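Chains as they are written, first to last, in my numbering: chain A, 346 to 563; chain B, 6 to 245. Data first, discussion second: the structure below is written as structure tokens.
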Amino acid sequence: MDFRFDIIIEYAPFLLKGTLLTVGLSLAGIVIGTVLGLFIGLGNMMRNRLLALPFKWYITFFRGTPLLVQILLIHFAVVPFFINGTNAIAAAIIALSLNAAAYIAEIFRAGIQSIDKGQMEAARSLGMTHVQAMRYVILPQAFKRMIPPLGNEFIVLIKDSSLASIVVAPELMYWVRNIQGQYFRVWEPYLTAAVIYLILTLTLSFILNRLERRLATE
Amino acid sequence: MIKVDNLKKSFGNHEVLKDINLSIQPQEVVVVIGPSGSGKSTFLRCINQLETITDGHVFIEGIDVADKKTDINKVRTEVGMVFQHFHLFPHMTVLENIMLAPLKVRKAGAELSKEKGMQLLKKVGLEEKANVYPNSLSGGQKQRVAIARALAMEPKIMLFDEPTSALDPEMVGEVLEVMKQLAREGMTMVVVTHEMGFAREVGDRVIFMDSGYIVEENEPKQLFENPQHDRTKAFLSKIL
């Protein structure tokens with residue numbers, strides 16, 4: 346089998362552009378998904394069952410349906426409902442963020458609930474308010490425990506951003522499939538894509554590992 | 006200083022405290038003893054409202070702690086608590102543990118809080134541990150830090166919930182020593198414990214609780230040597 350590097354070199358500028366968009370989609374998903382996830386996670390934990398219900402439904406829906414369906418739904422139905430026409434990049438960011446938020450909400454809940462009840466009691470017994478106890482005692486500890494599962498979620502997010510190619514957002518997979526279409530070659534484009542995704546996810550795990558070690562208290 | 010009227014507490018259908026009445030004077034050291042499940046810890050936790058009261062009243066310096074209008078956080082700044090399992094904050098150094106509440110609740114300022122923190126560490130004999138994390142301390146050291154942390158708020162009352170029950174036997178002494186010193190300095194204390202020696206030596210009054218009631222209360226000498234109730238006798242005969 347001959348491996349035609351010349352195709353990859355020819356497409357390099359597009360692959361680079363595509364990779365940048367992949368990174369952009371993932372970063373947007375991580376940031377928006379985390380903020381939204383914290384909000385939904387706290388909402389889900391509210392004592393008032395009725396107020397918590399919409400948050401539970403949200404998590405059930407976005408965890409229980411395929412991301413591909415969500416992307417198509419948002420691109421072809423939801424976005425056109427609000428604006429005239431649609432935008433693949435915006436739709437991809439919305440779908441990735443909303444989807445990640447559901448998982449991140451659960452990560453936040455698990456992180457907070459994993460902290461021994463005694464920590465909250467000790468903080469409250471010193472006269473701290475619930476918010477102070479959360480802010481200074483519970484969340485810093487919970488955050489440390491949330492790094493590994495958050496890292497997992499971020500890696501999933503990078504990989505799942507490839508689904509945006511289905512609505513023709515010009516990210517990495519979009520250009521890779523173009524190569525296949527133009528040259529009828531499969532090894533070169535898809536192996537290249539695999540290597541680039543691997544580099545992205547490895548970089549992220551490296552950063553998260555460093556962060557985890559820096560927060561260790563021993 | 007503390008007044009408890011007809012205090013009742015239930016968890017679901019299970020009534021843990023059935024009718025508790027008690028009055029504690031300033032500078033008094035009250036030791037609460039009794040078999041496990043008798044409601045001692047629950048009673049202590051009702052005083053600073055870590056457990057909400059089902060019925061009755063607890064007054065601290067005349068303030069009804071269960072009243073909705075009471076700012077419970079303010080009451081708690083006057084009532085320190087020490088737990089069986091220490092509950093130090095593991096993500097902070099020993100000194101940071103002690104400084105946190107003065108800084109954030111009293112807004113005492115970094116310098117003053119630090120000075121106070123070091124003073125308290127000296128008092129419990131752990132000055133050299135100021136900058137280590139709780140993980141590296143022994144149980145006895147952890148509990149002494151926990152006592153210092155509670156004292157940093159300069160409370161008028163200290164509650165101790167089985168402070169030596171989770172310790173290895175050889176570490177019980179160092180914690181009791183700190184508590185004795187505190188008692189000598191005139192701190193009002195309510196101590197739930199199984200350390201009868203401490204009760205006898207330091208307690209002004211011993212309260213024997215069983216199945217949600219105060220069965221008997223008396224001066225330590227009287228209660229230990231001449232118990233009036235059968236249940237008190239049965240309990241003491243098992244542990245002394």
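Positions of the beta carbon are idealized from the N, C-alpha and C atoms, including for glycine. What you are looking at is a predicted structure, and each value in this text was computed from that prediction instead of being measured.
- Here the C-alpha atom of P425 of chain A lies approximately 8 angstroms from the C-alpha atom of I419 of chain A.
- M491 of chain A is outside the set of residues whose beta carbon lies under 9 angstroms from a beta carbon in chain B.
- The residue among B:L245, B:S41, B:G130 with its C-alpha nearest the C-alpha of E179 of chain B is B:G130.
- Under the Cβ distance rule, M391 of chain A does not count among the residues neighbouring chain B, no pair being separated by less than 9 angstroms.
- A direct Cα-Cα distance of roughly 30 angstroms separates F16 of chain B from I385 of chain A.
- Residue range 218-223 is occupied by the beta strand (DSSP E) that includes Y218 of chain B.
- Against chain A, the beta carbon of T169 of chain B has no neighbour under 8 angstroms; the closest one sits roughly 17 angstroms away.
- Beta-bridge partners of T193 of chain B (DSSP): B:I162.
- When beta bridges are read from the DSSP output, S28 of chain B appears opposite B:K8.
- T82 of chain B reaches chain A at G472, counting residues in chain order whose Cβ is nearer than 7 angstroms.
- Nearest Cα to R111 of chain B within the set B:E83, B:Q186, B:K8: B:E83.
- Between the alpha carbons of L164 of chain B and V63 of chain B lies a gap of roughly 14 angstroms.
- In chain order, V34, M194, V207 place their CB closer than 7 angstroms to the CB of A188 of chain B, counting only its own chain and leaving out the 5 sequence neighbours on each side.
- Per DSSP, I419 of chain A is not a residue of any alpha helix (DSSP H), being assigned neither H nor E.
- When DSSP states are grouped into helix, strand and coil, G382 of chain A belongs to the helix group.
- According to DSSP, residue pairing for H19 of chain B in a beta bridge involves B:F16.
- The Cβ atoms of G44 of chain B and V9 of chain B lie no closer than 9 angstroms to each other.
- The beta carbons of I29 of chain B and I219 of chain B sit about 12 angstroms from each other, so the pair does not count as a contact at 8 angstroms.
- The continuous alpha helix (DSSP H) containing F499 of chain A extends over residues 484-505.
- Taking 9 angstroms as the cut-off, the Cβ atoms of L366 of chain A and A487 of chain A do not count as close.
- Judged by DSSP in its simplified three-state form, H475 of chain A adopts helix.
- Shown here, R558 of chain A sits in a helix according to DSSP, grouped into three states.
- Interface flag for Q458 of chain A against chain B is unset, since no Cβ pair is found closer than 9 angstroms.
- Segment contact: the region 475-494 of chain A against the region 390-397 of chain A, fewer than three CB-CB distances shorter than 8 angstroms; contact not assigned.
- Within the region 98-109 of chain B, the residues whose Cβ lies closer than 8 angstroms to some Cβ of chain A are L105, A106, K109, listed in chain order.
- Our two residues, N140 of chain B and N102 of chain B, have alpha carbons roughly 12 angstroms apart in a direct line.
- For D235 of chain B, the three-state secondary structure derived from DSSP is helix.
- Distance from the Cα of K462 of chain A is smallest, within the candidate group A:F427, A:I434, A:I483, for A:I483.
- For a cut-off of 8 angstroms, the C-beta gap from L100 of chain B to G122 of chain B is around 5 angstroms, short enough to register as a contact.
- Per DSSP, reduced to three states, the secondary structure at I68 of chain B is strand.
- Taking CB atoms only, M86 of chain B has a neighbour in chain A less than 9 angstroms away.
- Given a length threshold of 3 residues, each whole run of the beta strand (DSSP E) inside the region 78-158 of chain B is given here in chain order: 84-87.
- Judged by beta-carbon spacing, L93 of chain B lies beyond the 9 angstroms limit of P107 of chain B, meaning their Cβ atoms are not closer than that value.
- Residue environment analysis places Q146 of chain B among the buried positions, since at least 16 neighbouring C-beta atoms fall within 10 angstroms of its C-beta.
- Beta-bridge partners of D60 of chain B (DSSP): B:K13.
- Of A:A435, A:L443, A:T431, the smallest CA-CA separation from T410 of chain A is found for A:L443.
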